[in-house]
Amino acid sequence: MAECSGLQFVSPYAFEAMQKVDVVRLAALSDPELRLLLPCLVRMALCAPADQSQSWAQDKKLILRLLSGVEAVNSIVALLSVDFHALEQDASKEQQLRHKLGGGSGESILVSQLQHGLTLEFEHSDSPRRLRLVLSELLAIMNKVSESNGEFFLKSSELFESPVYLEEAADVLCILQAELPSLLPIVDVAEALLHVKNGAWFLCLLVANVPDSFNEVCRGLIKNGERQDEESVGGRRRTEALRHLCKMNPSQALRVRGMVVEECHLPGLGVALTLDHTKNESSDDGVSDLVCFVSGLLLGTNAKVRTWFGTFIRNGQQRKRDNISSVLWQMRRQLLLELMGILPTVRSTHIVEEADVDTEPNVSVYSGLKEEHVVKASALLRLYCALMGIAGLNTPEQEQLMVMWLSWMIKEEAYFESISGVSASFGEMLLLVAMYFHSNQLSAIIDLVCSTLGMKIVIKPSSLSRMKTIFTQEIFTEQVVTAHAVRVPVTGNLSANITGFLPIHCIYQLLKSRSFTKHKVSIKDWIYRQLCETTTPLHPQLLSLIDVYINSILTPASKSNPEATNQPVTEQEILNVFQGLSGGETARLPQRYSITTQLLVLYYVLSYEEALLANTKILAAMQKKPKSYSSALMDQIPIKYLIRQAQGLQQELGGLHSALLRLLATNYPHLCIVEDWICEEHITGTDALLRRMLLTNTAKNHSPKQLQEAFSMLPGNHTQLMQILEHLTLLSAAELIPYAEVLTSNMNCLLNTGVPRRILQTVNKLWMVLNTVMPRRLWVMTVNALQPSVKIVRQQKYTQNDLMIDPLIVLRCDQRVHRSPPLMDITLHMLNGYLLASKAYLNSHLKETAEQDIRPSQNNAMGPEAPEVTREELKNALLAAQDSAAVQILLEICLPTEEEKAQSSNMHSLLKSVHNSPSPKSPELEEEEDSLLCNLREVQCLICCLLHQMYIADPNIVKLVHFQGYPCELLALTVAGIPSMHICLDFIPELIAQPELEKQIFAIQLLSFLCIQYALPKSLSVARLAINVMGTLLTVLTQSKRYAFFMPTLPCLVSFCQAFPPLYDDIMSLLIQIGQVCASDVATQTRDFDPIITRLQQLKEKPYEVSGLCKDSSIKSCSRDITSRDPDVRLCQCVENTIIEIINMSVSGV
1 MAECSGLQFV
11 SPYAFEAMQK
21 VDVVRLAALS
31 DPELRLLLPC
41 LVRMALCAPA
51 DQSQSWAQDK
61 KLILRLLSGV
71 EAVNSIVALL
81 SVDFHALEQD
91 ASKEQQLRHK
101 LGGGSGESIL
111 VSQLQHGLTL
121 EFEHSDSPRR
131 LRLVLSELLA
141 IMNKVSESNG
151 EFFLKSSELF
161 ESPVYLEEAA
171 DVLCILQAEL
181 PSLLPIVDVA
191 EALLHVKNGA
201 WFLCLLVANV
211 PDSFNEVCRG
221 LIKNGERQDE
231 ESVGGRRRTE
241 ALRHLCKMNP
251 SQALRVRGMV
261 VEECHLPGLG
271 VALTLDHTKN
281 ESSDDGVSDL
291 VCFVSGLLLG
301 TNAKVRTWFG
311 TFIRNGQQRK
321 RDNISSVLWQ
331 MRRQLLLELM
341 GILPTVRSTH
351 IVEEADVDTE
361 PNVSVYSGLK
371 EEHVVKASAL
381 LRLYCALMGI
391 AGLNTPEQEQ
401 LMVMWLSWMI
411 KEEAYFESIS
421 GVSASFGEML
431 LLVAMYFHSN
441 QLSAIIDLVC
451 STLGMKIVIK
461 PSSLSRMKTI
471 FTQEIFTEQV
481 VTAHAVRVPV
491 TGNLSANITG
501 FLPIHCIYQL
511 LKSRSFTKHK
521 VSIKDWIYRQ
531 LCETTTPLHP
541 QLLSLIDVYI
551 NSILTPASKS
561 NPEATNQPVT
571 EQEILNVFQG
581 LSGGETARLP
591 QRYSITTQLL
601 VLYYVLSYEE
611 ALLANTKILA
621 AMQKKPKSYS
631 SALMDQIPIK
641 YLIRQAQGLQ
651 QELGGLHSAL
661 LRLLATNYPH
671 LCIVEDWICE
681 EHITGTDALL
691 RRMLLTNTAK
701 NHSPKQLQEA
711 FSMLPGNHTQ
721 LMQILEHLTL
731 LSAAELIPYA
741 EVLTSNMNCL
751 LNTGVPRRIL
761 QTVNKLWMVL
771 NTVMPRRLWV
781 MTVNALQPSV
791 KIVRQQKYTQ
801 NDLMIDPLIV
811 LRCDQRVHRS
821 PPLMDITLHM
831 LNGYLLASKA
841 YLNSHLKETA
851 EQDIRPSQNN
861 AMGPEAPEVT
871 REELKNALLA
881 AQDSAAVQIL
891 LEICLPTEEE
901 KAQSSNMHSL
911 LKSVHNSPSP
921 KSPELEEEED
931 SLLCNLREVQ
941 CLICCLLHQM
951 YIADPNIVKL
961 VHFQGYPCEL
971 LALTVAGIPS
981 MHICLDFIPE
991 LIAQPELEKQ
1001 IFAIQLLSFL
1011 CIQYALPKSL
1021 SVARLAINVM
1031 GTLLTVLTQS
1041 KRYAFFMPTL
1051 PCLVSFCQAF
1061 PPLYDDIMSL
1071 LIQIGQVCAS
1081 DVATQTRDFD
1091 PIITRLQQLK
1101 EKPYEVSGLC
1111 KDSSIKSCSR
1121 DITSRDPDVR
1131 LCQCVENTII
1141 EIINMSVSGV
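Under the working numbering, the first residue of the sequence shown is numbered 1, with each subsequent residue one higher.
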């Protein structure tokens, strides 16, 4: 609003005095300044105040004294003497009339007839008419604003344009708004004043006389404003008016700027207020408010604000020669001034003063930057990137200068890195950009730029074509990139705390693009050195680097050149990393390499072996076979110990722990046994911490040599060994490693008689703790220690490879282990582990020899896939035979030996005699009974637990074992002790259908126990099937086979009746039928069978009447025919006994 340039505005000093009603300050104002505030001061002096205090009474006197000498006060007093109630009624009627007749109607109730122009009428009118004239004109403007629908117009009004009557009109306007606030809301009045000449001046006077309405007026004007204020005349007038208001009240300028951002209106006002504030603030070395404000808008999280301000920048650039005083041009000029203010030595500096905003200052060479200006320079550079990338600010291109600058930066990279002391240098980032250009990964470059600048910039890949040419052909050729990357030193103590772009990012990208193999550059040493220079928290790029490095070792860069691969890390270099971790005295020495390095090398070895197996066929087709790491190397790496260390560092290792667990579960399943993980929870839990509190110096001082001496004294002295073992239980798993060899080598002597059970249990406990850190080595030592004494004398030592090939070696231990539950627990644990290890070993062996499947075979009529299927089937058959053999051996161990059977029978008779005798048991007898029951039963329980796990893991093993069969004496044990035996119900019909009589007998016996244990509908249906099969076999079997089949299966019918009483009729009919068949076979003999058949019929028809005589009759018949050798006679007696047992069971209610 240039028309207001000659008018005097209210000063900030005067506005603050009005806000605070500071009479002393008001008295210090000049007459022209005081004249602008008279409407409010007169009303303040004449109206009855709400404040009745003495201090305000004194201030009011001062105000009256201040107004007494001003001539214009009389006219304002006259204005206040008007009847405003009548005036408001007339104004309301006029508004209704205007609304009824339309806004263009010339009739007015407030002003009846105008003889002259509005200015002359105002001059000749008294105070009431002056009020009516101004009110009528103001209402007309307000009505037109409400009807304009947001379109700006400029209303020509003599009353608001005549410089002679401006002050009088302002007085009337302020009195009207103050006396008629409901008719003239101050926000609506402020909106109307924008449409008349000198509106900003009137608005400032109005707000100055009502100072508490400042924020309300500003928010209303901003809310009704345009989204882009520089695009229209109305927007520019609104911006200028608000700018004048903020100059009048500068303390609220930043708050008004906040309203602008909040409403996303008038961006030019926000920049203008910031420029005003920047000029007024004290100059210091910090970042200016303009830089902070614009950066916050463009780089903030509010996308709406970012788009709004970006549109303002782009639209402003389109008006190139519109106005030299545009807000965007002023902002750009101020930023350039700030930039040159921190550049120390400038030879030639020229700031353009034309309206062409594309012209940049001519800045020549300058020297170094002061340290205190670095932060400010960084903020300016980041803002420059945001203005270009997000807001689309145009700048002239200087390609040759950019190429020179990049070349100079690469040349001086080492100097800048050494001076700054920061490992992450811009050189690595430029190298990474070049590699992305070489591999045409333009989207990766865009992501890199956005992440580096910390802002989301929309970059079209098509706009990078010229830059790609510059990077790939002029600055960074592929050979230059590769040669430079190898010479880059590794980052010391690399961790996630080191941010930015590092050499590892460049090496990763070069490995991914196969640049090293293409130019025959060895990168193995660099990667090994970098892995050795790592620490926690783990850098996220390390795992990706290892993966792509492994791929470059195994997969050639091209089929035409299969030798173009990188070299793997040598075994000796791998062993150097793990030196001192294998146990012994060196385990207590400080480690040279960090746990991060050891875990990364372990990840490399496991991933390499897995990738090698996965690519065997492809490599064989290319006639290339990379070297695999030896089993001796894998045996020396403490895998489980490292995994346990990683478990406690999961937060710092990122995804390394989970990746290692995946590799372990795939390639070393015997190290991922669930029972071991549960055991570890107990070892590392709260109980372990409490035990550590009990650890004394005496316990720490026990050496492996002392433990060996205690074992040597075992036959005569148990106390010292027990004491040392108890102390060792307080140590952690890692501290127990040096004692492992002594502990395992002396296990054989624990099998001797007289060793206390507590020692055995403590050794078992220590072994389980050691199993959490060194399972593979511990298993080998234990298996060799528990061999029979004959093998120990022969010095036959098994290796890890031997045990994986033949896991059953574990069960070829000393027979005494089978009756020592603590040692048997250890043996079963090793057996389970080696069975899993054998599966993994055979799978890997199958993959390693996969080249046999792709050899050309011209005479192969079965097709190319037949050999693979055959080898896979052979492997599965071998594993099934191995597992079933282990199960059969374990079941055999559950059988009591001849000695135990004899002891059991003797014990049974002794118990009977003791039961009949009133004398108490002898201690010797009680101890012998406990030992017999405890050891055998406990071993059986341990074996049943393992078999349950094996059955659940592979249900096919259950079927295979039961089709093979085992002693029927164990059926009661297996069905009751193995919860997963209910699986057998699925295949018992198939087992009964087998042609072998022995399998049919075994199936029915197994079914009888399952029916008692699992009385389910499925069991009932299978039992019905078994009864029908027995009835069918009765008609087809010969005499000898009939006797062999029914003698062991008839007692099973009792169990069927006990489990399922509805089967009673079918079973009784079957039994009678068996008796009748037997009688018919001997019908030609002289022996009379009628009494037996008669008894059977009576038992069937009247079981309850003869139940009391059943036992006696059975005893008599047995005694009568005891000498009979005829199979049919004996079978009939068995039938009779079976019926009697069923009847007794039914009568007794069992």
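We put the beta carbon where it would ideally sit given N, CA and C, even for glycine.
Environment of residue 105 [buried if 16+ CB atoms lie within 10 Å] | Taking the sequence shown and counting its residues from 1, the one referred to as residue 105 is at position 105. With a pLDDT of 49 at residue 105, under the threshold of 50, the modelled position of that residue is not reliable, and the figure given next carries that caveat. Exposed, since its Cβ has fewer than 16 Cβ neighbours within 10 Å.
Under the three-state DSSP convention, the category residue 974 falls into = Within the sequence shown, the letter at position 974 stands for residue 974. Note: residue 974 maps to helix in three-state DSSP.
From residue 596 to residue 661, what does the alpha carbon distance come to, in whole angstroms?
-> On the sequence shown, position 596 is the one that residue 596 refers to. On the sequence shown, position 661 is the one that residue 661 refers to. In this model, residue 596 and residue 661 are separated by some 16 Å (Cα to Cα).
Sorted by chain position, which residues of the same chain lie with C-beta nearer than 7 Å to residue 989's C-beta, five sequence neighbours on each side aside?
-> Counting from 1 along the sequence shown, the entry for residue 989 is found at position 989. Cβ neighbours of residue 989 beyond the five flanking positions: 1022 and 1025.
When the Cα atoms are used, what is the spatial distance from residue 160 to residue 190?
-> Locating residue 160 in the sequence shown gives position 160, where the first residue counts as 1. Locating residue 190 in the sequence shown gives position 190, where the first residue counts as 1. For residue 160 and residue 190, the distance between alpha carbons rounds to 14 Å.
Going by DSSP, name the residue or residues bridged to residue 534.
-> Mapped onto the sequence shown, residue 534 falls at position 534. Its beta-bridge partners are 494.
If you pair each beta-carbon of the segment 438-450 with each one of the segment 484-491, do three or more pairs fall below 8 Å?
-> no
Whole angstroms is fine: what's the gap from residue 506's alpha carbon to residue 540's?
-> Your numbering for residue 506 matches position 506 in the sequence shown. Your numbering for residue 540 matches position 540 in the sequence shown. About 14 Å.
First through last residue of the alpha helix (DSSP H) which encompasses residue 959 | Taking the first residue of the sequence shown as 1, we reach residue 959 at position 959. 955-964 is the span of the alpha helix (DSSP H), which, as asked, contains residue 959.
Rounded to a whole number of angstroms, what is the C-alpha to C-alpha distance between residue 179 and residue 254?
-> Taking the sequence shown and counting its residues from 1, the one referred to as residue 179 is at position 179. Taking the sequence shown and counting its residues from 1, the one referred to as residue 254 is at position 254. For residue 179 and residue 254, the distance between alpha carbons rounds to 31 Å.
Using a Cβ-Cβ cut-off of 7 Å (strictly less than) and excluding sequence neighbours within five positions of residue 533, which residues of its own chain qualify?
-> Position 533 of the sequence shown, counting from 1, holds the residue named residue 533. Closer than 7 Å at Cβ, skipping near neighbours: 490, 491, 492, 493 and 494.
Should residue 15 go down as buried or exposed, given a rule of 16 or more other Cβ atoms within 10 Å for buried?
-> Mapped onto the sequence shown, residue 15 falls at position 15. Buried, because 16 or more other Cβ atoms sit within 10 Å of the Cβ of residue 15.
Cutoff 8 Å; reference residue 126; Cβ partners in own chain excluding five residues on either side | Numbered from its first residue, the sequence shown carries residue 126 at position 126. Closer than 8 Å at Cβ, skipping near neighbours: 78.
Identify whether residue 196 lies in helix, strand or coil by the three-state DSSP scheme.
-> Position 196 of the sequence shown, counted from the start, is the residue given in the question as residue 196. DSSP places residue 196 in strand when its eight states are reduced to three.
Residue 288, buried or exposed, once every other Cβ within 10 Å from all chains shown has been counted against 16 = To locate residue 288, count along the sequence shown from 1; it is residue 288. Classification of residue 288: buried, given that the 10 Å Cβ count is 16 or more.
In chain order, what residues of the same chain have a beta carbon less than 8 Å from the beta carbon of residue 613, not counting five sequence neighbours either side?
-> The sequence position of residue 613 within the sequence shown is 613, counting from 1. Taken in chain order, the residues that qualify are 844, 847 and 848.
In angstroms with no decimal places, state the Cα-to-Cα distance between residue 174 and residue 453.
-> Numbered from 1 along the sequence shown, position 174 holds the residue referred to as residue 174. Numbered from 1 along the sequence shown, position 453 holds the residue referred to as residue 453. Taking C-alpha positions only, residue 174 is separated from residue 453 by approximately 53 Å.
Residue interval of the alpha helix (DSSP H) (run including residue 1079) = Translated into the one-based positions of the sequence shown, residue 1079 becomes position 1079. Taken as a continuous stretch (DSSP letters only), the alpha helix (DSSP H) holding residue 1079 covers 1064-1081.
Which term fits residue 1065, buried or exposed, when burial requires 16 or more other beta carbons within 10 angstroms of its beta carbon?
-> As a working mapping, residue 1065 is identified with position 1065 in the sequence shown. Looking at its Cβ environment, which holds fewer than 16 other Cβ atoms inside 10 Å, residue 1065 is exposed.
Take residue 1033 and list the residues in its own chain whose beta-carbon comes closer than 7 Å to its own, dropping the five residues that flank it on each side.
-> Locating residue 1033 in the sequence shown gives position 1033, where the first residue counts as 1. Contacts found: 1045.
Closer than 8 Å by C-beta to residue 778: which residues in its own chain qualify, once you throw out the five before and the five after it? Chain order, please.
-> Along the sequence shown, one-based indexing puts residue 778 at 778. Excluding sequence neighbours, residue 778 sits near 740, 744, 767, 770 and 771.
Rounded C-beta distance between residue 208 and residue 37? I'm assuming under 8 Å.
-> By 1-based counting over the sequence shown, the position of residue 208 is 208. By 1-based counting over the sequence shown, the position of residue 37 is 37. Between residue 208 and residue 37, the beta carbon gap of about 6 Å places them in contact (Cβ cut-off 8 Å).
Where do the ends of the alpha helix (DSSP H) carrying residue 268 lie?
-> Indexing the sequence shown from 1 puts residue 268 at position 268. 267-280 is the span of the alpha helix (DSSP H), which, as asked, contains residue 268.
Classify residue 797 as helix, strand or coil using the three-state DSSP reduction.
-> As a working mapping, residue 797 is identified with position 797 in the sequence shown. Three-state DSSP puts residue 797 in coil, outside helix and strand.
Which residues DSSP lists as bridging residue 155, in chain order | To locate residue 155, count along the sequence shown from 1; it is residue 155. Beta-bridge pairing links residue 155 to 196.
State the Cα-Cα distance for the pair residue 948 and residue 1081, rounded to the nearest angstrom.
-> In the sequence shown, the residue the question calls residue 948 occupies position 948. In the sequence shown, the residue the question calls residue 1081 occupies position 1081. The straight-line gap from Cα to Cα measures roughly 46 Å.
Quick one: measure Cβ to Cβ for residue 838 and residue 882, integer angstroms, because I've assumed they're closer than 8 Å.
-> Position 838 of the sequence shown, counting from 1, holds the residue named residue 838. Position 882 of the sequence shown, counting from 1, holds the residue named residue 882. Indeed, because the Cβ distance is near 6 Å, the residues count as touching under 8 Å.
Would you mind sorting residue 376 into buried or exposed? The rule is 16 or more other CB atoms within 10 Å of its CB.
-> Within the sequence shown, numbered from 1, the residue matching residue 376 stands at position 376. Its Cβ being crowded by 16 or more others within 10 Å, residue 376 is buried.
Within 10 angstroms of the Cβ of residue 457, are there 16 or more other Cβ atoms? Answer buried if so, exposed if not.
-> Taking the first residue of the sequence shown as 1, we reach residue 457 at position 457. Counting Cβ neighbours within 10 Å, residue 457 comes out exposed, since fewer than 16 surround it.
With DSSP collapsed to three states, give me the class of residue 293.
-> Taking the sequence shown and counting its residues from 1, one reaches residue 293 at position 293. Helix, per DSSP.
With 16 other Cβ atoms within 10 Å as the buried cut-off, status of residue 657 = Position 657 of the sequence shown, counting from 1, holds the residue named residue 657. Flag for residue 657 reads buried.
Residue 225 burial status per 10 Å Cβ neighbour count (16 or more: buried) | If you number the sequence shown from 1, residue 225 lands on position 225. Under this definition residue 225 is a buried residue.
CB contact flag (residue 602, residue 575, <7 Å) | Here the question's residue 602 lines up with position 602 in the sequence shown. Here the question's residue 575 lines up with position 575 in the sequence shown. No, the pair does not count as a contact, with Cβ atoms beyond the cut-off.
Should residue 958 and residue 1013 be called a contact, given that it needs their Cβ atoms to be closer than 7 Å?
-> Mapped onto the sequence shown, residue 958 falls at position 958. Mapped onto the sequence shown, residue 1013 falls at position 1013. Going by C-beta atoms, residue 958 is not nearer than 7 Å to residue 1013.
Residue 153 classed as buried or exposed, judged by whether at least 16 other C-beta atoms fall within 10 angstroms = Taking the first residue of the sequence shown as position 1, residue 153 is located at position 153. It counts as exposed.
Between residue 479 and the rest of its own chain, which residues show a CB-CB distance below 7 Å, the 5 nearest in sequence each way excluded?
-> For this step, residue 479 is matched to residue 479 along the sequence shown. If we look at residue 479 and ignore the five residues flanking it on each side, its Cβ neighbours are 519.
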